[in-house]
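Working notes, beginning with the structure itself.
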Amino acid sequence: MILKFKSMTRLNKNFFARNTLTVARELLGKYLVRRINGKIVAAKITETEAYCGQSDLANHASKGITPRTKVMFGPPGRAYIYLIYGMYHCLNIVTEKEGYPAAVLIRGCELADGPGKTCRDLKIDKNFNGVDLCLSKELWIEDGGEKSPIIKKGKRIGVDYAGKWKDKLWRFYTE
DNA sequence: ACGATGATGAAC
DNA sequence: TTCATCATCGTA
66 MILKFKSMTR LNKNFFARNT LTVARELLGK YLVRRINGKI VAAKITETEA
116 YCGQSDLANH ASKGITPRTK VMFGPPGRAY IYLIYGMYHC LNIVTEKEGY
166 PAAVLIRGCE LADGPGKTCR DLKIDKNFNG VDLCLSKELW IEDGGEKSPI
216 IKKGKRIGVD YAGKWKDKLW RFYTE
């Protein structure tokens, strides 16, 4: 997709350093931007999920700090990327303040539905794990200056193991 | 409905 | 060091 908006502004650290549910909602309609060999690809975000804190049993970080989850305990605005089912990557963006493990999973965009396909199509892999999306020249989020979309919400996908946390309406989508 | 496919975390 | 599990997707 070609960039066709006059006022694109990159989301900064302050955007991500807020309540995770707020960030998850406000990321809808924003653009996931990737530079691949000098070419810019931008995809409008259509679906997100929030993972909030260590008490949230659906959150990978509920196990505490491990080599995999340590980026979620770091400062906001960085990418948390993991390999799922041996073949797909999922992109999350760390939120809230440093030390509080939380992130928003990018579950889908206009170019690709599903977190795995989003990463596959935009060539996002574990090399971006820990990358600061407020500074990177390869991957970041832009506000296209459009008015915020209608937001629907539902239960998170694939977290049936998470006890009472599985029914939280922490998945947000548009359309 | 199910298999592909490998990292992860916990048990032993 | 083994083992079950997994924030998925394509094929059927």
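All letters in the first sequence, in the order written, are residues 66 to 240 by this note's numbering. All C-beta atoms in this analysis are idealised placements derived from N, C-alpha and C, irrespective of residue type, glycine included.
Following the DSSP letters along the chain, one finds V224 in no beta strand (DSSP E), marked with neither H nor E. If you check the CB distance, P141 and A227 do not come in under 8 Å. Excluding its 5 nearest sequence neighbours in each direction, D190 has C-beta neighbours in its own chain below 6 Å: H154, listed in chain order. Looking only at C184, K220, N194, D197, the smallest Cα-Cα distance to I110 is reached by C184. Looking at the DSSP output, V169 sits in a beta bridge with A115, I158. Apart from sequence neighbours up to five positions away, the residues of its chain that approach V106 with a beta-carbon distance below 6 Å are R99, ordered along the chain.
In the DSSP assignment, A126 falls outside any alpha helix (DSSP H) and carries neither an H nor an E. In its chain, beyond the 5 residues on either side, no residue has a beta carbon closer than 6 Å to the beta carbon of G103. V169 and D186 have their C-alpha atoms roughly 19 Å apart. Counting other Cβ atoms within 10 Å of its Cβ, N84 stays below 16 and is therefore classed as exposed. Closest in alpha carbon position to A126, among Y96, V159, A108, is V159. In the three-state reduction of the DSSP assignment, R133 falls in the coil class. In the DSSP annotation of this structure, the continuous segment of the beta strand (DSSP E) that includes A144 starts and ends at 144-149. In this chain, the alpha helix (DSSP H) harbouring F80 covers 78-81. In this structure, the straight-line span from the alpha carbon of M137 to that of N157 is close to 9 Å. Within a 10 Å sphere around the beta-carbon of K229 sit fewer than 16 other beta-carbons, which makes this residue exposed. Assignment of V196 by DSSP, reduced to helix, strand and coil, places it in the coil class. A direct Cα-to-Cα measurement between T87 and K95 gives close to 13 Å.
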